[in-house]
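In terms of our numbering, the numbers along the sequence shown are unbroken and rise by one, the last being 503. Ideal placement from N, C-alpha and C gives every residue a C-beta, glycine not left out. Predicted model only: the values in this text are computed from it and were never measured. Working notes for the structure below.
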Amino acid sequence: MTSLQENRAKAEAYIAQRGETGVMNHINGQSVPAADGATFQTISPVDLRKLADVAHGKSADIDAAVAAAKAAFPAWRDMPGAKRRKILHAVADAIEARAEEIAFTECMDTGQAIRFMSKAALRGAENFRFFADKAPEAQDGKTLRSAGQLNTTSRRPIGPVGVITPWNTPFMLSTWKIAPALASGCTVVHKPAEFSPMTAKLLVEIAEEAGLPKGVLNLVNGFGEDAGKALTEHPDIKAVAFVGESRTGSMIMAQGAPTLKRVHFELGGKNPVIVFDDADLDSAVDAATFMIYSLNGERCTSSSRLLVQESIYDDFTRRVAAVADRIKIGHPLDPETVVGPLIHPVHEKKVLSYFALARKEGATIAAGGEKYGSEGCFVRPTLFTNANNDMRIAQEEIFGPVLTAIPFKDRDEALKIANDVQYGLSAYLWTGSLDTAIWMTERLEVGMMWVNSENVRHLPTPFGGVKSSGIGRDGGDWSFDFYMETVNVSFPLAPHATPKLGG
Ligand code: NAD
Numbered sequence: 001m002t003s004l005q006e007n008r009a010k011a012e013a014y015i016a017q018r019g020e021t022g023v024m025n026h027i028n029g030q031s032v033p034a035a036d037g038a039t040f041q042t043i044s045p046v047d048l049r050k051l052a053d054v055a056h057g058k059s060a061d062i063d064a065a066v067a068a069a070k071a072a073f074p075a076w077r078d079m080p081g082a083k084r085r086k087i088l089h090a091v092a093d094a095i096e097a098r099a100e101e102i103a104f105t106e107c108m109d110t111g112q113a114i115r116f117m118s119k120a121a122l123r124g125a126e127n128f129r130f131f132a133d134k135a136p137e138a139q140d141g142k143t144l145r146s147a148g149q150l151n152t153t154s155r156r157p158i159g160p161v162g163v164i165t166p167w168n169t170p171f172m173l174s175t176w177k178i179a180p181a182l183a184s185g186c187t188v189v190h191k192p193a194e195f196s197p198m199t200a201k202l203l204v205e206i207a208e209e210a211g212l213p214k215g216v217l218n219l220v221n222g223f224g225e226d227a228g229k230a231l232t233e234h235p236d237i238k239a240v241a242f243v244g245e246s247r248t249g250s251m252i253m254a255q256g257a258p259t260l261k262r263v264h265f266e267l268g269g270k271n272p273v274i275v276f277d278d279a280d281l282d283s284a285v286d287a288a289t290f291m292i293y294s295l296n297g298e299r300c301t302s303s304s305r306l307l308v309q310e311s312i313y314d315d316f317t318r319r320v321a322a323v324a325d326r327i328k329i330g331h332p333l334d335p336e337t338v339v340g341p342l343i344h345p346v347h348e349k350k351v352l353s354y355f356a357l358a359r360k361e362g363a364t365i366a367a368g369g370e371k372y373g374s375e376g377c378f379v380r381p382t383l384f385t386n387a388n389n390d391m392r393i394a395q396e397e398i399f400g401p402v403l404t405a406i407p408f409k410d411r412d413e414a415l416k417i418a419n420d421v422q423y424g425l426s427a428y429l430w431t432g433s434l435d436t437a438i439w440m441t442e443r444l445e446v447g448m449m450w451v452n453s454e455n456v457r458h459l460p461t462p463f464g465g466v467k468s469s470g471i472g473r474d475g476g477d478w479s480f481d482f483y484m485e486t487v488n489v490s491f492p493l494a495p496h497a498t499p500k501l502g503g
């Protein structure tokens with residue numbers, strides 16, 4: 001395993017290359033500054049040092065990017081799926097070839113630990129491969145016969161689409177949206193999060209070097225209220241795929257309403273991990289801690305509420321606290337680090353405010369509950385006990401390495417607590433009883449459940465939430481349904497007798 005010093009030296013070199021030109025927008029195959037020349041800075045949460053100046057795009061830049069995506073659409077749409085497949089596999093190869101650069105850059109830009117980020121670039125490549133292989137059949141549909149008529153359905157790419165992404169694992173999440181859009185024949189304007197712009201530029205450059213035609217993928221950096229808003233309001237953008245906070249989703253829905261925008265939302269979560277006393281408790285401790293303390297807890301599917309059966313609550317939460325206390329906090333490029341700095345001082349302030357709130361609400365801080373060190377955005381892995389589901393620490397998405405533990409008596413109470421939040425993204429269930437597992441999974445109000453396992457992703461399965469956690473599903477063929485229009489054509493099977501009017 002390489003050392004922190006070696007990794008830092010390499011990361012410095014990668015970032016210096018970026019820093020020279022700054023992070024530009026990328027429109028119609030060209031690296032371009034913002035139309036008005038404005039820039040903003042992206043900083044590293046490790047030490048708040050500036051990493052690069054970033055083009056501050058606004059509506060004029062969105063207009064240019066959408067025009068490029070619109071012009072590139074007919075040729076990309078009409079390209080045979082097998083050819084698109086080949087290009088997208090070449091993009092995946094190129095991502096793999098530069099996986100280290102992507103991972104190291106992402107670690108410095110987001111604060112996520114290299115032990116997790118090293119896989120994120122490869123998962124990005126996998127996303128491209130998975131959807132590339134589906135490109136040749138993306139337009140296929142069904143044949144439906146009725147008396148005298150033969151109906152055939154097929155799918156067509158919807159047009160240029162907007163993709164708006166958040167700052168947690170930005171590279172992987174961008175590919176999760178962009179790969180199926182491209183595979184289905186849509187062209188894309190991407191607006192990445194302002195806190196983590198570095199790797200989005202890498203993605204478009206890598207894709208074009210691998211053969212993606214100019215204008216098919218365009219990038220505009222900037223803030224939600226200007227670049228993001230302009231993208232969602234643009235009449236030539238036919239659909240918006242958005243990953244981010246629930247309240248931003250509401251704003252995007254309102255902004256897109258005048259142009260009847262199709263939207264796909266992957267939003268926030270307050271996901272329960274529910275542990276019954278008949279579970280394999282050793283595995284449950286590992287899973288509960290992994291799903292909240294990995295990726296700094298900045299993960300939509302993190303298990304941020306721990307619901308534990310009363311009979312084992314004290315012992316189980318003691319074990320979780322012991323793990324939280326043992327976790328190594330440190331530089332994201334240290335191979336030993338589990339928890340790195342939170343994304344940005346603004347987010348750190350939000351997470352720290354929940355430590356104060358927990359005390360005010362009367363919960364016990366069983367682990368962590370404070371900032372770590374004096375430099376950068378580090379906080380300690382935290383466990384709140386003696387909490388109940390009415391507290392804000394149990395209801396609101398904190399989006400950090402912060403777990404709220406709540407006891408329950410029986411399965412009725414576990415279900416009631418689990419469902420009593422505005423969110424419904426995922427749930428994790430630990431029990432030795434098949435009966436309990438079936439009873440609970442039939443009734444949990446979430447889009448995804450894992451029984452006796454942590455979040456194990458499988459690309460053909462549907463990903464998405466219910467309630468305030470989202471609209472629509474990604475993965476498998478569900479992604480294509482969003483980026484494509486289904487059309488029906490009906491043929492008569494014999495000379496058709498049309499009803500005669502007026503005679
Ligand atoms: P955010 O909603 O603040 O920002 C996400 C993106 O939206 C950014 O690019 C931002 O610039 C843009 N944006 C903000 N306001 C906008 C507007 N009015 N119009 C258009 N665009 C706008 O989210 P964040 O803080 O970057 O990310 C964290 C959130 O993302 C958490 O709530 C997390 O749960 C969620 N998330 C969900 C999933 C999922 O699959 N469900 C995955 C990852 C993250």
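For this session: May I ask you to check if the CB of N296 is nearer than 7 Å to at least one heavy atom of ligand 1?
Result: Indexing the sequence shown from 1 puts residue 296 at position 296. Look at N296: its beta carbon is at least 7 Å from all of the heavy atoms in ligand 1.
For this session: Compute the minimum distance between the beta carbon of W167 and the heavy atoms of ligand 1, and state whether it is under 7 Å.
Result: Translated into positions along the sequence shown, residue 167 becomes position 167. True, at least one ligand heavy atom lies under 7 Å from that Cβ.
Problem set entry | H347 - DSSP class collapsed to helix/strand/coil | Walking along the sequence shown from the start, residue 347 turns up at place 347. Helix at H347.
Problem set entry | Rounded C-alpha distance that separates D315 from S433 | For the purposes of this step, residue 315 is taken as the residue at position 315 of the sequence shown. For the purposes of this step, residue 433 is taken as the residue at position 433 of the sequence shown. The C-alpha of S433 is placed about 21 Å away from the C-alpha of D315.
Exercise. If we ignore side chains and look at the alpha-carbon of each, how far apart do L88 and N452 end up?
Worked result: Walking along the sequence shown from the start, residue 88 turns up at place 88. Walking along the sequence shown from the start, residue 452 turns up at place 452. If you take the alpha carbons of L88 and N452, they lie about 35 Å apart.
Exercise. What do you reckon, are the CB atoms on M391 and E361 nearer than 8 Å?
Worked result: Translated into the one-based positions of the sequence shown, residue 391 becomes position 391. Translated into the one-based positions of the sequence shown, residue 361 becomes position 361. It is a contact, given that the beta carbons lie within the stated cut-off.
Problem set entry | F104 versus F290: straight-line alpha-carbon distance, rounded | Here the question's residue 104 lines up with position 104 in the sequence shown. Here the question's residue 290 lines up with position 290 in the sequence shown. One C-alpha to the other measures close to 22 Å.
Exercise. Who are the Cβ neighbours of E310 in its own chain at under 6 Å, not counting the five residues just before and after it?
Worked result: For the purposes of this step, residue 310 is taken as residue 310 along the sequence shown, with counting starting at 1. These residues qualify, in order along the chain: P407 and K409.
Exercise. With burial defined as no fewer than 16 other Cβ atoms inside 10 Å of the residue's Cβ, what is the status of R380: buried or exposed?
Worked result: On the sequence shown, position 380 is the one that residue 380 refers to. R380 comes out buried.
Exercise. Can you tell which of R247, T337, L459 and V346 has its C-alpha closest to the C-alpha of S469?
Worked result: Residue 469 sits at position 469 when you count from the first residue of the sequence shown. Nearest to S469 by alpha-carbon distance, out of R247, T337, L459 and V346, is R247.
For this session: Would you mind stating whether V216 and W76 have Cβ atoms separated by less than 8 Å?
Result: As a position in the sequence shown, residue 216 is number 216, starting the count at 1. As a position in the sequence shown, residue 76 is number 76, starting the count at 1. Against a cut-off of 8 Å, the Cβ pair of W76 and V216 comes out as a contact.
Exercise. Do you know whose CA, among D325, E205 and V46, lies nearest R8's CA?
Worked result: Looking up residue 8 in the sequence shown gives position 8. Nearest of D325, E205 and V46 to R8, Cα basis: V46.
Problem set entry | Backbone secondary structure at S112 - three-state DSSP | The residue you call residue 112 lines up with position 112 of the sequence shown. For the record, residue 112 in the displayed sequence is Gln; it is not Ser. DSSP places Q112 in coil when its eight states are reduced to three.
For this session: Under 8 Å by Cβ, that's how I've got V320 and A113 pegged, so tell me the actual separation to the nearest angstrom.
Result: One-based indexing of the sequence shown puts residue 320 at position 320. One-based indexing of the sequence shown puts residue 113 at position 113. Not a contact, Cβ separation roughly 20 Å.
Exercise. Cβ atoms of E298 and L267: under 8 Å apart, would you say?
Worked result: The count along the sequence shown starts at 1 and reaches residue 267 at position 267. The count along the sequence shown starts at 1 and reaches residue 298 at position 298. In this structure, L267 sits away from E298, with a CB-CB distance that is not shorter than 8 Å.
Problem set entry | alpha helix (DSSP H) runs contained entirely in the region 295-336, provided each spans 4 or more residues | Look at the region 295-336 and you find these whole runs of alpha helix (DSSP H), each 4 residues long or longer: 310-326.
Exercise. Taking C-alpha atoms, which residue in I329, E336 and I274 lies nearest to L306?
Worked result: Within the sequence shown, the letter at position 306 stands for residue 306. Measuring from the Cα of L306, the nearest candidate turns out to be I274.
Exercise. Given R443, which residues of its chain have a CB within under 6 Å of its CB, disregarding the five upstream and five downstream residues?
Worked result: The count along the sequence shown starts at 1 and reaches residue 443 at position 443. These residues qualify, in order along the chain: L415.
For this session: Whole angstroms is fine: what's the gap from S283's alpha carbon to V23's?
Result: Stepping through the sequence shown from its first residue, residue 283 is reached at position 283. Stepping through the sequence shown from its first residue, residue 23 is reached at position 23. C-alpha of S283 to C-alpha of V23: approximately 43 Å in a straight line.
Exercise. What do you get for E106, buried or exposed, if any count of 16 or more other CB atoms within 10 angstroms of its CB means buried?
Worked result: As a first step, residue 106 must be located in the sequence shown, where it is residue number 106. With 16 or more other CB atoms across the displayed protein chains lying within 10 angstroms of its CB, E106 is buried.
Exercise. D93 to E397, Cα distance in whole Å?
Worked result: Mapped onto the sequence shown, residue 93 falls at position 93. Mapped onto the sequence shown, residue 397 falls at position 397. D93 and E397: Cα-Cα distance of roughly 36 Å.
Exercise. How about S469: is its Cβ closer than 7 Å to a heavy atom in ligand 1?
Worked result: Position 469 of the sequence shown, counted from the first residue, corresponds to residue 469. Of the heavy atoms belonging to ligand 1, at least one sits nearer than 7 Å to the Cβ of S469.
Exercise. When you compare only the Cα positions, how much space is there between K500 and L150?
Worked result: Here residue 500 refers to the residue found at position 500 when the sequence shown is read from its first residue. Here residue 150 refers to the residue found at position 150 when the sequence shown is read from its first residue. Cα to Cα, the separation comes out at about 22 Å.
For this session: Give a single yes or no on whether M449 has its beta carbon closer than 7 Å to a heavy atom of ligand 3.
Result: Within the structure as shown, ligand 3 is missing, the only ligands being ligand 1.
Problem set entry | For L415, three-class secondary structure by DSSP | To locate residue 415, count along the sequence shown from 1; it is residue 415. When DSSP states are grouped into helix, strand and coil, L415 belongs to the helix group.
Problem set entry | CB contact check: T461 to chain B, cutoff 8 Å | Among the chains of the structure shown, chain B does not appear; only one protein chain is present.
Exercise. Beta carbon of G124: closer than 7 Å to some heavy atom of ligand 1?
Worked result: In the sequence shown, counting from the first residue as 1, residue 124 sits at position 124. False, no ligand heavy atom lies under 7 Å from that Cβ.
Problem set entry | Where F276 falls: helix, strand or coil (DSSP) | Start at 1 with the first residue of the sequence shown, and residue 276 comes out as number 276. F276 falls in the coil class under three-state DSSP.
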